[in-house]
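Worksheet for the structure shown next.
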RNA sequence: GCGAGAGUGGCGGAAUCGGCAGACGCGCUGGAUUUAGGUUCCAGUGGGGCAACCCGUGGGGGUUCAAAUCCCCCCUCUCGUACCA
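Residue numbers (the numbering used here): 54 to 917.
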């Protein structure tokens, strides 16, 4: 064994303890431990990119690691796993460019990620490591797809997708920016293609309702609510003049039906061809063609002026029985409601704009509330004249017909329900609820994803495979380029494509689409529970023991997609009796993004960091000499402000890195990384070291067994209390402050009682586990302190016999006096007034009032 | 537009059951140790005033003995989202 170092050298002790934990399986989670309560703490697993870990990853991972280590010492049986979300586009793109198989790229990246993550000393149970690209994992992803299919929740549909002709592939919405491909900036058009869809809409109501009971950030819950987008209103049928069909619209404002002066259909509306008048046909055809070339994003973004054309057809307003023109316009989406609207220009901003553009009639049927209108800067007379739009509340006018509907004078809410009821009685419509949420497009035309367990027979029939035929493995390929026809690269794997039904001998062709990256992450938290199970996705007994996830930490960028998809799958599994909880993640915390430091010139232009020179605390452009302003910005390759964790660990050690990231500020806050600041934490660890280790490398001579005197004892117990409380609430920044206060005191003390030192190391160990283990060992212990019981705070030791009391005169601080801690208000008053300085300040004035808060302050209110 | 969150020293941040604003750290200033640099240690560090004191938590108003914290109005920034009928 090497001679014990006299100075703190993280590079020596950190690998030593990481090996030790791994070898001894220190952090193995035990199924069904009868003696300890379970705790499941989950990190969002990373996509192992070629760039390696960035400083954002270890932020959340450090937080959960501290929490887990703390909870173990509190007697919990902790499940804390890590794995790899390893399917995805970058590895495939790299394969197209270089011919390297994505599996090789992925393996290499995982190895690098694993090395980096281990270098932080996180207390994962590595025996539960999973990888979504492992056939033994995706076997069960495919199996869950079978369950979805059998429940009727997976179906094939011809839907418009983002098709990029230049790239020869379909793109996800996230991959399309302003109607062009994110990669290469090629145009993207909408093209209908047959796709697998998942019926997430069937779960819309439960996904919405069950949010209420989750311990999640309110912002994330609100985002999911908005995404699901529940609204209630009515469906109304409009008959088409001279036509047998009717057009059904959805409206949240059935009360405004009397103001519906025209109708607008989506350009994709199926009834369009049969109703369009011959003289309008060519204009309609041209408009539809143009609309189809726009991506959905474009359609919504270029929203300044409304466009549309008249179809030449008319519908009959069911309450006024007037004939109203039917238009088409791309501000109406086929994907929401019924793809058709009744337009009430007087009371809907969008319809108002459209009506103004095309000179359509605007009829006010609602007198705005005077006060609300004034607050909105609207003149009621204008609204009444149809010159302004009012979508707020008020009293209905001009809203009665001869068929028994009279809304005049009613407020909006009552008019709504009255109209819905009238429509229902007349068979013209009914109350209805809609959601913005759409079914989940689940196909990707890619190689590097889970193959579908699906075969198409020669007659076109799609059939799912038996569980016994899983996993459907990805075939070996050498050319990963898209086929160009919109088919996946898998269409090139000829041998693999051909399928013969083992039972019937029928010949078929395998599905060439693969699943999106979300698939693997939809259920990975369940596989961690039983990661090596070959017979089933997980053992139900183990699931029951470990679920739900007690704490889930990750970035807010997954607020909607991943978290909504996973909740959806989980609910399906719950309905199938495969999991025991209706929700997967009981408590969710989002760590804030870590920004890099960047620079900009006078014109707000960003300057890459390698062009910046620092002089006397100011910053200048290396080439132009211009003074630059420092500001925090997202880390990016182009700004050259990316911080590499490997370099930081090499220089300061993992413990300092961990402490720094936690000390930066609240976990949830966005924070700028400033490498200079990490030195403060490095110094702190140096002080911890010197508090215990003397110059010669042996224990510091100040360490002895003298009993603690009052003040040091109070500091010790205050630290135990503060660190423990902060670990529960994840307020690690203030816990670290308190430990600094401890070390600032004891590091200078003549006597450093061994017991206090040991308690402190336990408090420090979740935060800086390597140095804590090393010093714990040097204090003579043989076992890891990972399972030592957490120190108990003795409240009695926190009490002081004398406390400093602030004396205020008229609410302003005057002086501070030592008083007995238990002094009551009257005693405090006497003690304060006895003080010469106070007496002088009060002298000659009459005391109006004295407010005394025992243990804190006393305020004397005096008037001349 | 809508939704969510946030504005505190030169910087990161602390203190929000109303009770000493600026804990802790970075930076900075001065000193000690060191051949020197670094390290380490000590002292100081919101602004103004030699001082008593005054001013200070985005701005304005209010409640209170007492407001960063509670109430009203306004401004700015960040994130998310966007013709959802």
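Built from N, CA and C at the ideal position, the CB exists for glycine as well.
Under the three-state DSSP convention, the category residue i falls into
i	result
residue 651	strand
residue 759	coil
residue 545	helix
residue 465	helix
residue 776	helix
residue 681	strand
residue 634	coil
residue 744	helix
residue 824	helix
residue 662	helix
residue 812	helix
residue 219	coil
residue 832	coil
residue 273	helix
Residue i, buried or exposed, once every other Cβ within 10 Å from all chains shown has been counted against 16
i	result
residue 248	buried
residue 331	exposed
residue 130	buried
residue 909	exposed
residue 584	buried
residue 871	exposed
residue 629	exposed
residue 342	exposed
residue 404	buried
residue 251	buried
residue 512	exposed
residue 355	Confidence is the limiting factor: at residue 355 the pLDDT is only 47, short of 50, which leaves the residue's position unreliable, though a coordinate-based value still follows. Flag for residue 355 reads exposed.
residue 245	exposed
Cβ shell of residue i (< 7 Å), same chain only, five flanking positions each side left out
i	result
residue 58	65, 750
residue 293	299, 300, 328, 366, 368
residue 638	601, 602, 605
residue 86	130
residue 96	113, 114, 117, 135, 606, 607
residue 852	874
residue 546	528, 530
residue 734	709, 712, 713, 716
Residue closest to residue i, alpha-carbon to alpha-carbon, out of the options
i	options	result
residue 675	820, 664, 553, 128	664
residue 820	192, 780, 855, 852	780
residue 916	904, 903, 899, 907	899
residue 787	441, 772, 799, 62	772
residue 805	421, 581, 765	765
residue 907	889, 886, 882	882
residue 503	140, 620, 913	140
residue 418	307, 517, 108	307
residue 501	191, 122, 83, 859	191
residue 165	493, 137, 578, 399	137
residue 109	468, 170, 742	170
residue 685	678, 701, 661, 704	661
residue 16	158, 876, 836	Residue 16 is absent from the structure shown; the chain starts at 54 and stops at 917.
residue 726	441, 649, 143, 150	649
residue 24	326, 774, 268	Residue numbering for the chain in the displayed model covers 54 to 917; residue 24 lies beyond these limits and cannot be assessed.
Same chain, Cβ closer than 6 Å to residue i, five either side skipped, listed in chain order
i	result
residue 653	659, 682
residue 390	303, 487
residue 526	188
residue 509	515, 561, 562
residue 484	287, 473
residue 80	176, 178
residue 672	652, 665, 681, 683
Close-in-space but distant-in-sequence residues of the same chain around residue i (CB under 8 Å, 5 per side omitted)
i	result
residue 747	59, 753, 754
residue 70	174, 822, 823, 826, 827
residue 707	63, 67, 172, 173, 174, 823
Touch check for the region 640-653 and the region 266-284: three-plus C-beta pairs under 8 Å?
yes
Is it a yes or a no for the region 599-607 touching the region 523-536, going by three-plus beta-carbon pairs under 8 Å?
no
Are the region 461-479 and the region 518-527 touching, with three or more C-beta to C-beta distances below 8 Å?
no
Just checking, does the region 882-895 make contact with the region 841-853 on the three C-beta pairs under 8 Å criterion?
no
Could you say if the region 370-388 and the region 313-321 meet the contact criterion of at least three C-beta pairs nearer than 8 Å?
yes
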